[in-house]
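First comes the structure, then the notes that go with it.
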Amino acid sequence: KYFNAPSGAILAGPSALLDQMFHVRRMFGGGLAKVWPFAAIALHYFQGFPERYARAVGVAREWTQLVSGHEAFSTEPIPAGTNLFLLKVHHSDLNAFRDRLARQHVRLPAPLADGSGFRLGVNETWGRTTASDLAAMFVQAAEA
């Protein structure tokens, strides 16, 4: 999922884990000899992943605190949503808000169907900036 391979993978492991995977292995097993490049890509991106993801989570947590202090924003965790949360944005035009952020190379998904904000997920890209810089971009987009 996070390792940039064009397709998922089934990992080897102890028989207690894999015994229940018979049908899944049978479904994908025929391609194992041909999809080794996928594993090579995943291995490349796996190296250093725990550290990169930990940084991203730290940035996201700090960012959440920063934007929640602004009247235009509130955040809500999604129960059992792992890395997902809702960003509620009090703005008259969420598409314009999203476009302003896109011009600063911050990509958001389409607004929620109820028009209340966005469903966001934490991934490695959060670690490519600081929480304060990212929060400033969101505030600027909301106030424009």
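Okay, so the sequence shown: first residue is 1 according to the numbering used here, each after it adds one.
From the three backbone atoms N, C-alpha and C, an ideal C-beta is built for every residue, glycine too.
Fair warning: this is a prediction, and the values are worked out from it, not measured in the lab.
Query: Check whether Arg55 and Gly127 have beta carbons under 9 Å apart; Result: yes
Query: Beta-carbon spacing of Met137, Leu101 below 9 Å; Result: yes
Query: Burial state of His91 (16 or more Cβ within 10 Å); Result: buried
Query: Contact check, Phe3 vs Phe73, beta carbons under 9 Å; Result: no
Query: Boundaries (first-last residue) of the alpha helix (DSSP H) holding Phe3; Result: Careful: Phe3 lies outside any alpha helix (DSSP H) and carries neither H nor E.
Query: Extent of the continuous alpha helix (DSSP H) to which Ser68 belongs; Result: 49-68
Query: C-alpha distance - Leu18 paired with Met27, whole-angstrom precision; Result: 14 Å
Query: CA nearest to the CA of Trp179, picked from Asp133, Ala144, Ala142; Result: Residue numbering for the chain in the displayed model covers 1 to 144; residue 179 lies beyond these limits and cannot be assessed.
Query: 8 Å CB neighbourhood of Thr75 in its chain, flanking five on each side removed; Result: Thr64, Val67, Ser68, Phe85, Leu86, Leu87, Lys88
Query: Under 9 Å between C-beta atoms of Gly115 and Leu94; Result: yes
Query: Close-in-space but distant-in-sequence residues of the same chain around Val59 (CB under 8 Å, 5 per side omitted); Result: Trp126, Gly127, Thr129, Thr130, Ala131, Leu134
Query: Coarse secondary structure for Thr125, derived from DSSP in three states; Result: helix
Query: For Ser132, the first and last residue of its enclosing alpha helix (DSSP H); Result: 131-143
Query: Element boundaries [alpha helix (DSSP H), containing Pro77]; Result: Careful: Pro77 lies outside any alpha helix (DSSP H), inside the beta strand (DSSP E) at 73-77.
Query: C-beta contact flag for Val35 and Ser7 at 9 Å; Result: yes
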